[in-house]
Amino acid sequence: MTVLAEIAGVPAAAVASPASTAEVADVVRGAARDGLALVARGAGTRQGWALPPQRLDLILEMGGVSGLVEHAAGDLVAVVRAGTPLRDVQEALRPVGQQLALDEPLPGSTVGGTVAVNASGPRRMLYGTVRDLLIGVTVVRADGVVARAGGKVVKNVAGYDLGKLVAGSYGTLGVITECAFRLHPLPAAARFVSAPADGPDEAGRAVAAVLGSQIVPSALEIDMAEGGRLTVAALVEGVPAGVDRRAADLEKLLGDGAVQGETPPPGWGAYPWAPGDVGIKLTCALSRVPYLLTAAGVTAQLHDVPLRVRGSAGTGVLHAGLPSGTDPGVVAGVVSDLRAATRAGAGHCVVVTAPPAVRARIDVWGHVDGLDLMRRVKDQFDPAGTLAPGRFVGGI
Amino acid sequence: MSVDALAAAVREVLLPEQIITDRQRLRTYECDGLTHYRVVPGIVLLPRTAEECAAVVRACVANAVPFVARGSGTGLSGGALPHADGALIVTSQLRAIREMAPQDERAVLEPGVINLQVSRAANPHGYYYAPDPSSQQICSIGGNVAENSGGAHCLKYGFTANHVTGVQIVTPDGDLVRLGGRAPDAPGYDLLGAFVGSEGTLGIATEVTVRLVRLPETVRTLLAAFAGTDEAGAATSAIIAAGVVPAAVEMMDALAIEAAEAAVHCGYPGGAGAVLIVELDGPAAEVDAQFAAVEDLCRAHGAFEIRIAADDAERALFWKGRKSAFAAVGRISPDYIVQDGVIPRTALPQVLTRIGELAREHGVRVANVFHAGDGNLHPLVLFDESVAGQAERAEAVSGAILDICVEHGGSITGEHGVGVDKAKHLPRMYSPADLDTMQLVRCAFDPRGLANPGKVFPTPRLCGEVPGRRKGVHPMHESGVAEVF
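Top to bottom, those sequences are chains A and B.
Just so you know, we're using my numbering here: the first sequence kicks off at 13 and counts up by one.
Just so you know, we're using my numbering here: the second sequence kicks off at 2 and counts up by one.
Below is the structure:
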């Protein structure tokens, strides 16, 4: 068997490069007939995320299923093929002053990949995430049947919202081939305001002050560098006069040392880890963000590791990173401590990416509510278990 | 299956006053807000806790009795229409606000809590609950979750699905399961996203965690009068094209205005062929700049009178005409059908022309009220049941309007749901494969087909064996929900 390609270190014997939904359906139908396990790949920016497939015969390169199908500018709706790079979508929309309000934490990501992993960035605070912006989806099921849900209008409650189900499903329910999105106008002006904070409690007070204000920032971020140095940063978008006043208000709320800028502060919207590192997603109730930061600081000291934390303090979704060389046993200890902290904050701690030695050592997903129902959903959609087997929660 | 056996079983877990079997009292529950569908339920059960609700569902499963959940019964698609040989599980006794947590921007609610109560409880903290269906004074949060309710302000703020972060549900197996929670992005499939809007076919919500939104610094509202709907529609499109995201853009046509005037004397400008209500909210510096732009755009597109609400009382008066519109048509017509369809906003002029032609062809009148910002139409088809053939013609017009919506790439329902009323229309939007795929989710949650059978989907899918539970005759066949040919 000739190894043509691999996914997270697992070799595949075949690669298909379909150019349309119909061709994806043909390939998947054939694979189903032969019982082949398959994984769809866009730009491959997150194939090191989640778990490696337990079984892999075929890689579906989705780069050919690309392009804008439709842009109804007057209706603020666009239909895009899954293999389209997010960047290309934004470029196509920019001339008419519109955007797909999804950040791109990993440059080069495709629409399909972004939906499949439910990736989000700082502006989720105002615009929401994939689940809030995806209004229609076309998927090819494990048996090769093409199915569509939702549509091309924002307001629509006809039938089940399968878009929400496939968003964040890591390719385990179907191959996403087309997505319809709600768009937003590009703001006329934007401003970043950032300030250092002296410890998690002070950062927490700054965050709470902004949340309690009526400034309506598009993003409210926190960055804890190695050693615990903290920065709180916010983004306001709108009309120029409004942005001026709101940025000035933010400056007062963020306290001493607050500065305004037209460009994002360093690290804005990027994960606090490099390729090959350990990447962790931490969530908690909003008011527990300072507690979580304190716990992260204590954990870093206790295990003597350079833990970096960064993310959306305004929504309670943070990311943490550890260097690739960190001993797996130490990572396990850090994750265990962080998991206790997020649990206390009514949230979760998921190791989204890690070197194989670390993945082998820990439960990357942690506790999952509703796992039995999830298994039943998977069994219905993919009874033979050929779609990205083993990548998802509970061995799905 | 036997309701009598179920009645005996639930007596073990509920008090006598939580069980209704008396025929006269059962009739109280024979319909929801869509009153022309009526079925007297086999039994009505009123659990007071999540555990009681789960026990009731388990009893239904044990006796193969279908069950329908009902909140306040204000739904407009017959989603809570009872099953004659089934149980109606009413959640109105589960009505506690468990927790207001403005510091987390969350509230934890029992499903029977009334929508407006959430904002009333949150307002003193400076927060509110954004989804505002017209029935918000009486509709329940559990019903909102089932229907993914919208409202006038969902143009900017989104629907129930965007504001629910967690639920505890009773699955159709009778298990209590939590989906999502207080923090965002729970790991695993977004079953919460699938559950919201599933119209009671995937289980019953027994606790709902919602997002609270900080009250805006300022709210500004204008009422603009136009010669006709084309001009008002063009103004709407211009506002959106200018990059403004209003909190709401509502439109009423001449007939709807006439009805509203007759009913609530809202004093809209005389001689208007259409009025727009445009509301902006947010930081004052943003809203002031955009509000001036909206005013200019309305004038540029032919608004002959613009009134700006000076205070909350005047704003309430603008909204009074709009919010009373459904009931108000009762003043100008003995009978009417409330339709709910969605079109791409830019198709508004063509679609309204088509609806006008359709009405003339069939000799009925149609009053149009809509959420113009997101293309959600609520045509009100007026008729007189006492005139032979009118009801049928009105029904035909109402159905044809949905066809027009679908032809223009829209939807057969924007907020009222599919329920029992539109199940037959669903295949106009989706292929058999699409519907089959949606029902895979239903089979995962409810392989026996006992949760609100006959709603949403025109034809039930046979699900195969119930995982690890039973064999033999197919349960959906056995329960009478599906025939096997």
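Yeah, the Cβ is synthetic: ideal placement off N, Cα and C, and Gly gets one too.
Taking 7 Å as the cut-off, the Cβ atoms of Thr365/A and Pro185/B do not count as close. Taking a Cβ-Cβ cut-off of 9 Å, the neighbours of Val178/B in chain A comprise Asp381, Gly382, Asp384, Leu385, given in sequence order. Listed along chain A are Leu385, each with a C-beta nearer than 8 Å to that of Thr172/B.
With a threshold of 7 Å between beta carbons, Asp316/A makes no contact with chain B. Following the DSSP letters along the chain, one finds Thr365/A inside the beta strand (DSSP E) bounded by residues 361-365. Ranked by Cα distance from Ala49/A, the first of Ala26/A, Ser32/A, Ala62/A is Ala26/A.
Under the Cβ distance rule, Ser121/A does not count among the residues neighbouring chain B, no pair being separated by less than 7 Å. CA-CA distance, Ala62/A to Val92/A, rounds to 25 Å. The beta-carbon of Cys296/A is placed less than 7 Å from the nearest beta-carbon of chain B. In this structure, Ala28/A keeps its C-beta atom at 7 Å or more from the C-beta atom of Val40/A.
Note: Asn377/B is bridge-paired with Val343/B, His372/B in the DSSP secondary-structure output. With 16 or more other Cβ atoms inside 10 Å of its own Cβ, Pro83/B counts as buried. For Leu177/A, a Cβ of chain B is located within less than 7 Å of the residue's own Cβ. Counting along the chain, Lys293/A sits inside the beta strand (DSSP E) bounded by residues 290-295.
The C-beta of Tyr172/A comes closer than 7 Å to at least one C-beta of chain B. For the region 436-457 of chain B, the set of residues with a beta-carbon nearer than 9 Å to any beta-carbon of chain A comprises Leu436, Asp437, Thr438, Met439, Gln440, Leu441, Val442, Arg443, Cys444, Ala445, Phe446, Pro448, Val457, in chain order.
Under DSSP, Ala206/B forms a beta bridge with Ile170/B. DSSP, read as helix, strand or coil, puts Ser324/A in strand. Shown in chain order are the members of the region 393-404 of chain A whose Cβ falls below 7 Å from a Cβ of chain B: Phe393.
Against chain A, a Cβ distance below 8 Å from Gly420/B picks out nothing, because the smallest value is about 10 Å. Under the Cβ criterion of 7 Å, Pro212/A is not counted among the residues facing chain B. In the DSSP assignment, Leu304/A falls within the unbroken alpha helix (DSSP H) covering 301-315. Among the residues facing chain B, Asp87/A is included, as its CB has a counterpart in that chain under 7 Å away.
Glu251/B is bridged by DSSP to Ile278/B, His372/B.
Boundaries of the beta strand (DSSP E) around Asp235/A: 231-236. Counting along the chain, the unbroken alpha helix (DSSP H) around Cys406/B starts and ends at 391-408. For the options Trp285/A, Met236/A, Ala202/A, Val343/A, the alpha carbon positioned closest to that of Ala246/A is the one of Ala202/A. Residues of chain A with a Cβ closer than 8 Å to the Cβ of Leu192/B are, in chain order, Leu177, Gly382, Leu385, Met386, Val389.
In the structure shown, Thr438/B adopts helical secondary structure according to DSSP, grouped into three states.
In this structure Gly54/A touches Gly124/A by the C-beta definition: roughly 5 Å separates them, less than 8 Å. In this structure Leu277/B is not in contact with Phe327/B, their Cβ atoms being roughly 18 Å apart against a cut-off of 8 Å.
Less than 7 Å divides the Cβ of Leu381/B from the Cβ of Val330/B. DSSP lists no bridge partner for Cys140/B. With 16 or more other CB atoms across the displayed protein chains lying within 10 angstroms of its CB, His154/B is buried. Within the model, the alpha-carbon separation for Asp261/A versus Val166/A is close to 33 Å. For the region 226-253 of chain B, the set of residues with a beta-carbon nearer than 9 Å to any beta-carbon of chain A comprises Ser238, Ile241, Ala242, Ala243, Gly244, Val245, Val246, in chain order.
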